[in-house]
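> Dumping the structure here so I can ask a few things about it.
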Amino acid sequence: MDKKYISDLLEKRKRLRNFIKFPYQYEKIDEDLEEKVINAKSQLIIIQKEIDKYFKKLKKQKKNK
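This is the structure in structure tokens:
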């Protein structure tokens, strides 16, 4: 994983968190909104795991130096 990939993940995480908090600002009210919020939450979990894995690996590398 490179730094660009992680920065993209961090940006996407930020947008998903805002979408989850304020979905009505991003989407018109419709039947699919609840499903979109649930989907955003699941994507957020996956992104957070990737970010955690990257920083854990980075911390381990710094510790070994």
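Going by this note's numbering, the letters in the sequence shown line up with residues 358 to 422, in that order.
The beta carbon of each residue, even a glycine, is placed where N, CA and C say it ideally should be.
If you're wondering where the values come from, they're calculated on a predicted model, not measured in any experiment.
Can you look up phenylalanine 379 in the DSSP assignment and give me helix, strand or coil?
Looking at phenylalanine 379 - three-state DSSP - the assignment turns out to be coil, as it is neither helix nor strand.
> Can you look up aspartate 359 in the DSSP assignment and give me helix, strand or coil?
Coil, per DSSP.
> Indicate the three-state DSSP secondary structure (helix, strand or coil) for aspartate 389 in the structure shown.
Residue state, collapsed to three classes: coil.
> Just to confirm before moving on: does the CB-CB distance between isoleucine 404 and arginine 370 stay below 8 Å?
Taking 8 Å as the Cβ cut-off, isoleucine 404 and arginine 370 qualify as a contacting pair.
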